[in-house]
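These notes are about the structure you will find just below.
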Amino acid sequence: MKKIYHSISKVLACVSILAFSQETTAQTAVTIDFQTQRYLDQVSELDRSKFFTIHASAGKDYSDQDMAHLKDWDVKFGRSFWGAFGRYNDYISSNQVFPTDDKIISDGIKNINNTKKQAFYKHITRQLVVTDHPKSMIHMDLDTKEAGAFAAKYFKYNYEDELRPMFYEPVNEPFVHAREFMGDNYQESEVRRKTAEYFKEIGKAFDEEGIDTYVIGYSSAWPSMELWDFGHWESRMKMFMDVAGDYMDGFSTHLYDGINVTGQDTERSGSNADAILDLIETYSYIKWGTIKPHAITEYGGISQGYGDTYTDVESIQTVRSINHMIFGLMDREDRLMISIPFITGKSSWYYEANDYEPYGANLWKPVKSSVVNGVIHEYDFTEKVMFYDLWKNVSGKRVRCSSSNPDIFIQAFVDEDKAYVCLNNIATDDQDVSMQFISSVGDVEKINKRSLKIYQNEKAIYEDVDLDNQPESITLQPHETVILTYDLKNNVTFHKKAIRKEYYSKTYMQPIESNETLSFEFNDVELNTAHGEARLRMAVGRTHNLTKRPTIKVNGTKVNILSNWKGYDQANRDDFFGVIEVPIPHQLLTVNNKVDISFPDEGGTLSSIILSVNNIYDLSSRLPFKGQVFELPQKIEAEDFDLGGQGVAYYSTDNINSIGAYRINEGVNIDKNGDAFEINLKQNEWTSYSVEVPESAIYTVTVNTSTISTESQIDLIVDNEKICETIEVNNSDNALKEVKVELAKGIYPIHVLGNGDVKIDFLDFSNAELLTDDIKFTSNNSEIKTGETNNFEIEYTAANDRDIVLELWGDSFLLGQTRVNVAAGSSSINVPLDVYAEPLNYENVELVAKVVKVNSNSLNSFAETVFNEFEFDPVLSVSDDLLDEDLITVFPNPVLNNQKLGIRGENKIYRIDILNTQGQVFDSFEFQQPSLQVSLSLNNQYSRGIYLVRIYNENGSYTKKIMIQ
């Protein structure tokens, strides 16, 4: 649940969320929390080199201007042919033996010296996947150990250490070519196994030689794992992992919408691609206890029906698929080596043989009118350039975000004073997307919108425009991608972090039988926070007439399953094979978990199931300098900023106290000024002060400041938003500057931001004028419905012009949000609320109404209330048979030491006692506002074991038993 600094109630709202049929049209909502930094395990920063690549390498075909374009886009090299077996193909085929070490070393010296003479040498980098065509390597009668030793020697002596390619994929897509090497003596399966042995011996030899190039394989062209009752999986990727996997650094796969060499003309974007990669990860975990990473060395779309000559319409088709897939790949960066969209460079080998027609995957195309005597004097970009234009500059740390519709993908990043929100619509119809912001990104100076719309029979439309206002909603056309760039006045400061970790079961590939329970265990799950999100990713392969919605129990509790998944219905595939995500309440999880799944009908396979857990933490490393927050009003010495270090308590460009006074181990410049100290803030440097505001009020803030510049400024910031007018500072000595500031009740940090070169002695908060803001619900609406507008009557008092914000929270998910502007004064208003909720019941639900500054997304409000008179039937109830009086339910049970415990009865509860087994009262909770359901936080004072919960309600007291783990 969201964090608020002041207590509103110990009683959480209880709400019944009613879902309508799928025919009901509802707007999608995307939720962005700019103040919560998102981690994929330990990875937060977007590594562009893993995603924005080109299937090419530096070479004679590329001019310095070509390389400048790639540099401007921040695009890295990805993959090229011509490796060890390709270079020596003729030698090996003629002699049926591999070159000697002396020949490899001698040729290697010549190769290095020759490469250094080339004009393109300065553009060579280590980032490259080297591969070859299967015919160069696969010789059924040659020794695979000798082949491995040869390949390792080649890589050792043919490259300078600092330019040796980072990846080696010995051959490209070998298994779809296995038939070509059968001859009269071998079966396809024998060719595939021999190929896997080549990979094994190459990887082993690289390890023995100490070569720091990653060996990857097998570059699956056609990963239709589910075919032949998963016989494809057994005979291809699983066999490869069993034979060669010990010596592979990663597993390479090609993902295409359409037909790649062979297979069905279908789409992998969305749930199917997820199912393929999840299966590989799961078997990796089962086999090695860890996840060997992916290398997606080709991906995109393969179009048909456009003819043999180049057209703009055909050229852009693959980018539609690339944009779909890149969103999913970004969610696997923590276990991804590299991904390479199949966009190639110039491919002279093709256009020289085809009247200067570009290869279909090319980024550049010859301008035919510029060809003179067979020499091309000018190239132009194909439509694929739009992919790199679209994604240019997107970078930074991930921020927490989500979508209420699995067909709308979202990624969001913050890079200092820029923020990016990236959206993609994989659906085949228009999608209206509401932009819901949990927290503020700060003062926005400019918003830019880049969008790419791709059509099957019309030219694509690429737009790059500045917007006049921050969009509250966006309509995405089918397959459209939009990137919003927010230029901010100040750098974003994070207050929370969300860390996603994923857990795998040792059980996989389970045949589905009617009403038979399939059980999966997920152990050692980290749950060291009370707040979070969790999902099961269930991959199933079944015929289309069989259900995709089994009965699922998590630790004995039934949870609901969605009827939607990422991407299309796969109706043009022989079978459905995809991932279906199942949201589960975080509170239901324990350290060791059991998931039981049963289908009502027989057939197919549950191939893998993964538990994805997001734990959400406050950045609690920030502490008041003298142990107590500054309770306002009072004078704050500027040098007494918080403890917590760089990025938490302060930001300094060099993180050094170069002047060396007072707090010499901190990174803020502090100087002695008479009997006092003062801080020195340069451009965009800041310090943080934890304050307690006892009541919402207007304060007079006096700042003792000076500057050596002619013009400098100071801003006071809360939740990335300015809270008063900018303080202008000139070069007079220690001028007293005075501003008025509205502060909401609560405990939170105030950031003091310098623009220029300013010195600050103190900040004095005085003359508090209490604000009269107030808010309460007056309607008796007892239901929340998705798919239609809900209306709530609210009475309010606004001290100034304000926004009334209404939010519906389900556990840590924002399910709906409305903002209405009101004038100063007292009145009542009917506030509409559209709920973009999944059709699930949540354990903890709050409907929160608050009064905030106009256009503010701060977590602090001038007044706030919770509506808690809803009907509620929680999905998380776990019945306890100790007593059945009053039908009291305690959930979750067992419970962790630091989790929230929910208790519900048929009569309103006003007190809870926790007793040990000897009957002694261990803890007690009073509820000022009795409710049918209450929630209480357990702290770390509990040891593991059995406890009794005594519940007091209007009918008396009752006792239930709980287990604390």
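Using mature numbering (1 follows the signal peptide of the UniProt record, and there is no 0), the letters of the sequence shown map in sequence onto residues -21 to -1, 1 to 944.
Just so you know, even glycine gets a beta-carbon here, dropped at the ideal spot from N, CA and C.
These numbers were taken from a predicted model, which means no experiment stands behind them.
Per DSSP, N92 is not a residue of any beta strand (DSSP E); the alpha helix (DSSP H) it occupies stretches across 80 to 95.
Excluding the 5 residues flanking it on each side, S250 has same chain C-beta neighbours closer than 6 angstroms at W544, K545, G546, G557, V558, in chain order. With fewer than 16 neighbouring CB atoms inside 10 Å of its own CB, E505 falls in the exposed class. For the pair of segments examined, the region 659 to 672 was found to touch the region 596 to 614: the number of CB pairs separated by less than 8 angstroms reaches three.
The beta-bridge partner set that DSSP reports for C703 is empty. With distances taken between CA atoms, A777 lies nearest to S805 out of S805, L567, W788.
Nearest neighbour of V350 by Cα position, chosen from M365, E362, K363, E331, turns out to be E331. With contacts defined as CB atoms closer than 8 angstroms, F13 and V423 fail to qualify as a contacting pair.
Beyond the five residues adjoining it in sequence on each side, E125 comes within less than 7 angstroms, by CB distance, of F77 in the same chain, given in chain order. Closest in C-alpha terms to G626, from the list H730, A550, E616, comes H730.
When Cβ pairs closer than 8 angstroms are counted between the two stretches, the region 675 to 692 is seen to touch the region 714 to 728, the count reaching three or more.
When rounded, the separation of the alpha-carbon atoms in L812 and N770 is 6 angstroms. Taking the Cβ atoms as the reference, H233 lies roughly 20 angstroms from E293, outside the contact range of under 8 angstroms. The three-state secondary structure of E581, taken from DSSP, is coil. Taking C-beta atoms under 8 angstroms as the contact rule, V799 and V831 fail to qualify, at a distance of about 11 angstroms. Residue burial annotation: P871 is buried, with at least 16 other C-beta atoms found within 10 angstroms of its C-beta. Here Q21 carries a coil assignment [DSSP, helix/strand/coil]. S685 is positioned such that its CB atom lies closer than 8 angstroms to that of K738. Nearest in C-alpha terms to N659, of all of E674, G639, A676, is G639. Excluding sequence positions up to five before and after F555, its CB lies within less than 6 angstroms of the CB of R521, H523, Q549, all in the same chain and listed in chain order. In this structure, L467 places its C-beta atom within 8 angstroms of the C-beta atom of V420. Comparing alpha carbon positions, the residue from N895, L917, Q920, N918 closest to K939 is N895. In the same chain as F160, and ignoring 5 residues on each side of it, the C-beta atoms closer than 7 angstroms to its own belong to I117, M119, V170, in chain order. For E187, the uninterrupted alpha helix (DSSP H) run begins and ends at 167 to 188, by DSSP.
Excluding the 5 residues flanking it on each side, A842 has same chain C-beta neighbours closer than 6 angstroms at D752, D753, I754, V830, in chain order.
Cβ contact annotation for P490 (same chain, cutoff 7 angstroms, sequence separation greater than five): T584, in chain order. Apart from the 5 residues on each side of it in sequence, V647 sits with its Cβ closer than 7 angstroms to the Cβ of F620, Y629, S631, N636, I658, T666 in its chain, given in chain order. At least 8 angstroms separates the beta-carbon of F64 from that of I317.
Taken through DSSP and simplified to helix, strand or coil, H523 comes out as coil. One Cα belongs to L308, the other to P579, and the distance between them is close to 33 angstroms. By a beta-carbon distance limit of 8 angstroms, I270 contacts Y264. Their separation comes to about 6 angstroms.
With at least 16 other beta carbons inside 10 angstroms of its own, G789 counts as buried. The closest CA to that of R143, considering only Y931, I808, T94, is found on T94. L506 carries a coil assignment under DSSP once its states are collapsed to helix, strand and coil. The continuous stretches of alpha helix (DSSP H) do not include A714, which lies in the beta strand (DSSP E) extending over residues 714 to 722. Under a 10 Å Cβ-count criterion, S484 is classified as buried, with 16 or more other Cβ atoms of the shown protein chains found around its own Cβ.
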